[in-house]
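Each residue of the sequence shown is one higher than the one before, counting from 229 in the numbering used here. Even for Gly, the Cβ is constructed at its ideal location relative to N, Cα and C. Note that this is a predicted model, so its numbers are computed, not measured.
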Amino acid sequence: MPILSAGTAAIAAAAQALLAGRLVALPTETVYGLGGDATDDRAVAAIFAAKGRPSFNPLIAHVTGADAAAALVRFDDRAAALANAFWPGPLTLVLPRRPDSPVSLLASAGLDSLAVRAPAHPVAQALLRAVGRPVAAPSANRSGRISPTDAAAVAAELGDVVDIILDGGPCAVGVESTVLDLTGPQALLLRPGGVPAEELERLAGPLGRPQDGAIRAPGMLDSHYAPLAAVRLAATQVAADEALLAYGQPLSGAAATLNLSAAGDLAEAAANLFAHLRRLDATGTRTIAVMPIPEHGLGLAINDRLRRAAAPR
Ligand code: TXA
Ligand code: MG
């Protein structure tokens with residue numbers, strides 16, 4: 229699994245691999261994705277197998293933009309307005325599948341809806357143009373583990389199952405896309421993510437939350453994003469044998485400390501989140517203590533990931 233710096237030749241090679249039914253890791257602005265041809269049942273099945281993912285967890289079909297999405301799903305006016313405002317970017321829209329959708333039924337895990345997203349990363353866009361097909365891509369981690377935000381983290385997670393890792397540098401956003409369900413009259417926030425909910429509400433109206441018993445997105449499985457260490461949230465003091473994930477002015481006394489953002493900037497914190505969790509985990513610490521993060525804007529997505537990382541395994 230070569231890690232290739234994502235220039236023209238590497239992108240062409242990755243497109244060839246995808247068209248041949250093989251898997252490629254690609255950079256997006258949120259996290260790295262484990263990509264396969266979304267129209268190829270066997271490639272989609274290989275993604276589930278590689279991640280060890282429960283097959284009821286559907287995948288996002290990545291596209292260049294709204295026109296390409298409209299060939300896969302019923303892309304109504306509300307979807308078009310949201311895409312116009314936030315695409316390409318960290319927003320995933322769940323919409324009814326078109327009856328003639330070429331995307332593998334396995335990608336939507338038997339649902340009659342399909343998640344679509346146009347990523348902003350120039351390498352992802354160039355790859356999608358070269359492939360000329362939708363690319364199914366979950367985050368490039370083993371199921372339940374921390375999402376990778378650089379090529380080295382992908383190699384550590386899934387290096388053995390991909391043909392090529394396209395290295396597009398560290399991910400600028402650092403948390404996954406916001407997932408919005410647009411299959412009903414009220415837009416539902418299935419997963420907080422890179423586009424803050426407050427910004428979506430200006431266009432989509434007040435966002436509902438999925439009801440109990442409704443389809444739960446895997447981002448909603450209780451334990452997810454789990455490091456090997458235990459995670460202790462809302463820490464206001466830290467023990468000498470703990471590692472500290474700080475935000476703002478760090479607590480003192482930890483065995484190791486990484487700061488999500490000394491300046492208290494939520495965008496910087498999101499970009500650092502998964503890489504810092506990985507690095508603290510790699511120290512072999514038993515516990516990662518996490519300082520409180522504000523519950524607004526990107527803080528919603530950060531706290532969502534941290535709560536799942538801390539959930540009982
Ligand atoms: O930022 C991202 O979204 C990254 C990059 C690679 O694009 N991808 C990503 O994919 O996070 P994944 O598979 O790790 O998470 C996709 C989320 C899951 O929570 C899944 O349940 C939800 O989207 N989802 C996908 N299709 C759905 C559907 N038809 N209905 C409801 N939820 C869906
Ligand atoms: Mg994921």
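In the structure shown, what three-state DSSP assignment does Arg437 receive? In this structure, Arg437 counts as coil in the three-state DSSP scheme.
Please confirm whether Gly527 has its beta-carbon closer than 8 Å to some beta-carbon of chain B. In the displayed structure, chain B is absent; only one protein chain is listed.
Could you give the C-beta distance for Leu501 and Leu488, rounded to a whole number, given that I count them as a contact under 8 Å? That belief holds up - the Cβ atoms of Leu501 and Leu488 are roughly 6 Å apart, short of 8 Å.
Secondary structure, beta strand (DSSP E): runs of 3+ residues fully inside the region 473-523: Every beta strand (DSSP E) of 3 residues or more that sits fully in the region 473-523 is shown, in chain order, as 484-487, 515-518.
With DSSP as the reference, please indicate the residues paired to His290 in a beta bridge. Its beta-bridge partners are Arg345, Val363.
Which residue wins for smallest C-alpha separation from His452, given the options Arg541, Gly421, Gly433, Pro522? Considering only alpha carbons, the answer is Arg541.
How would you write the range of the alpha helix (DSSP H) that Asp409 sits in, first residue to last? Not the alpha helix (DSSP H): Asp409 falls in the beta strand (DSSP E), residues 406-409.
Since Gly527 is in the alpha helix (DSSP H), which residue starts that stretch and which ends it? Secondary structure note for Gly527: its alpha helix (DSSP H) is the uninterrupted segment 527-538.
According to DSSP, simplified to helix, strand and coil, what is Pro324? Residue state, collapsed to three classes: strand.
Quick check: what's the CA-CA separation for Asp395 versus Leu251? Distance between the alpha carbons of Asp395 and Leu251: 15 Å.
On the three-state DSSP scale, how would you describe Pro403? Position check: residue 403 holds Val in this sequence, whereas Pro was assumed. It is coil, neither helix nor strand.
For Arg370, is the beta carbon positioned less than 7 Å from some heavy atom of the ligand TXA? The answer is no for Arg370.
Contacts around Arg357, its chain only, beta-carbon distance under 7 Å, and the 5 residues preceding and following it disregarded: Thr292, listed in sequence order.
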